[in-house]
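Notes follow once the structure below has been shown.
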Amino acid sequence: MAHEVTGVIARGKGAEVEITRVLVPDPGPGEALVRVQACGVCHTDLHYREGGIGDDFPYLLGHEASGLVEAVGPDVTGLEAGDFVILNWRAVCGQCRACARGRPWYCFATHNATQKMTLADGTALSPALGIGAFVEKTLVAAGQCTKVDPRIRPEVAGLLGCGVMAGLGAALNTGQVGRGDSVAVIGCGGVGNAAVLGARLAGARKIIAIDVDGRKLEWAREFGATDVINSRDADPVEGIRELTEGNGADVVIEAVGRPETYTQAFYGRDLAGTVVLVGVPTPEMRLELPLLDVFGRGGSLKSSWYGDCLPSRDFPMLVDLHLQGRLPLDKFVSETIALDQVEAAFAKMERGEVLRSVVVL
Ligand SMILES: NC(=O)c1ccc[n+]([C@@H]2O[C@H](COP(=O)([O-])OP(=O)(O)OC[C@H]3O[C@@H](n4cnc5c(N)ncnc54)[C@H](O)[C@@H]3O)[C@@H](O)[C@H]2O)c1
Ligand SMILES: [Zn+2]
Ligand SMILES: [Zn+2]
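Numbering that gives the first Met the number 0 numbers the first residue of the sequence shown as 0 and each following residue consecutively.
Here's what the structure looks like:
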């Protein structure tokens, strides 16, 4: 039996999103049907709509979600109807060469539901990041569901499913920020400000937030930035150096996804420091750097896939820290909206008015 529900799709490159009927199959082997309760609007959804990620239209957008398991496939264990879960877009396989070496957060064979959700006419949908959650019910792989304490509000929990986890993890996992480090974060949207929060959680002693939008920088201060630089008015590399005795930061996190901000990150870090790229570039972007500088400045240049998180390890822990009042994840929720306001939320995101708009169903 297919479930007929309402969802938000992107039909073609650059076209405004549409609300439409979506058919969701009952869960088969290895799958779970989830009644979505909340789903944040992430910049990656906008990248999809703009054709920046692929050409597999129509996309079922939304991927930062939490909800209640409604049914599971016949062979699924450890998950049952009624469980409150955060969806993740990297369900680890347990068998690939990364998993086999004990590094499951790098899993090279992450998986999604096998069956397709479709439009009423049978056209298969491509779910954003293998989730698709701007929809009343979604079908995912059971491994994409992580059970967490249901006392957290759904619109807060869902954010751990993508942007906030990506930012926290860029600092905590990929950047390995430690007590006493200096950290700079370039681009302080939902992802960058989560990196600011992660740096604070890790005990960084200096946290420099950089953005071209003053509002984002005010929020960054609330999340723990010790200094801010508006890179519309000042050179961020100079600014980082001035704030770090001329040296540069130990870890610089790029959360925009552009060659110019990556270059700023590269030159804004101390010798032997770490650059973490968590912003997602588009296919036509190119980076040019003197190879001698890549060698001479040493250290490591890393990319952060989903904050190198392990959902089973990180989601319950971060939810607990939040419930104990030690991680103000609720501050990322700028507004809650309905499904038909996703297009308006993209516009607000582009105007810099929100950290996260969250669809509540
Ligand atoms: N690596 C991952 O796993 C992962 C996960 C989620 C999102 N992302 C990516 O992270 C990036 C940020 O996502 P978001 O949801 O926070 O987006 P966002 O639009 O909310 O934030 C982007 C921020 O960058 C700022 N910015 C733009 N140009 C700038 C510049 N030249 N210098 C400094 N700041 C600048 C904007 O003012 C804004 O505050 C996106 O590329 C998104 O696709 C990556
Ligand atoms: Zn694997
Ligand atoms: Zn996202």
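By construction, the Cβ of each residue, glycine as well, lies at the ideal position given by its N, Cα and C atoms.
Unbroken beta strand (DSSP E) stretches of 3 residues or longer found wholly inside the segment 113-167: 136-140 and 144-146, given in chain order. Within the DSSP bridge table, the entry for N229 names D210 as partners. Leaving aside the five residues that flank K301 on each side, the residues in its chain whose CB is nearer than 6 Å to its CB run, in chain order, T173 and V275.
Around the beta carbon of V40, 16 or more other beta carbons lie within 10 angstroms, which makes this residue buried.
With a cut-off of 8 Å on Cβ pairs, the segment 102-110 is in contact with the segment 82-92, counting three or more such pairs.
Of the candidates R150, E3 and V227, the residue whose Cα lies closest to the Cα of V134 is E3. Taking the Cα positions, I151 is about 24 Å away from L128.
Contact check between the segment 287-294 and the segment 55-73: fewer than three CB pairs, one atom from each, fall below 8 Å, which does not count as touching. Of the heavy atoms belonging to ligand 2, at least one sits nearer than 6 Å to the Cβ of C98. Secondary structure of E244 (DSSP, three-state): coil.
The beta carbon of V75 is closer than 6 Å to those of A141 in its chain, skipping five residues each way along the sequence. Taking all protein chains shown into account, D54 has fewer than 16 neighbouring C-beta atoms within 10 Å of its C-beta and is therefore exposed. L59 is positioned such that its CB atom lies closer than 7 Å to that of G6. Distance from L138 to P26 at the Cβ level is roughly 6 Å; contact confirmed, criterion being Cβ atoms closer than 8 Å. Ranked by Cα distance from L200, the first of W104, G188, L167 and V163 is L167. CA-to-CA, the gap between W304 and G189 works out to about 16 Å. At the C-beta level, V33 and V71 stay beyond 7 Å of one another. C308 is not bridged by DSSP to any residue. Rounded to the nearest whole angstrom, the CA to CA distance from I206 to R220 is 9 Å. When secondary structure is reduced to three states using DSSP, E287 falls in the coil class, being assigned neither helix nor strand. Following the DSSP letters along the chain, one finds T262 inside the alpha helix (DSSP H) bounded by residues P258 to G267. The alpha-carbon separation between V84 and E30 amounts to approximately 14 Å.
Within its own chain, the residues whose Cβ lies closer than 7 Å to the Cβ of F265, once the five positions on either side in sequence are excluded, are V274 and L288, listed in chain order.
Around the C-beta of R48, 16 or more other C-beta atoms lie within 10 Å, and the residue is accordingly described as buried.
Unbroken alpha helix (DSSP H) runs of no fewer than 4 residues, entirely contained in the segment 301-353, are found at 310-322 and 341-350, following chain order. Using a Cβ-Cβ distance cut-off of 8 Å, the segment 329-342 and the segment 304-316 are not in contact, since fewer than three pairs of beta carbons, one from each stretch, lie closer than that value.
Residue pairing for T76: DSSP places it in no beta bridge.
Your pair G256 and P235 does not check out as a contact, with CB atoms roughly 16 Å apart and the cut at 8 Å.
DSSP, reduced to helix, strand and coil, places C92 outside both helices and strands of the structure shown, so it counts as coil.
Counting other Cβ atoms within 10 Å of its Cβ, T281 stays below 16 and is therefore classed as exposed.
Shortest gap from the CB of T43 to any heavy atom of ligand 3: under 6 Å.
Look at G6 here: in three-state DSSP terms it is strand. Remark: fewer than three beta-carbon pairs, one from each stretch, lie closer than 8 Å, so the segment 174-188 and the segment 314-329 are not flagged as touching. In this structure, A194 places its C-beta atom within 7 Å of the C-beta atom of A169. According to the DSSP assignment, R48 belongs to the alpha helix (DSSP H) that extends over H42 to R48. Taken from the Cβ of G162, at least one heavy atom of ligand 3 lies inside 6 Å.
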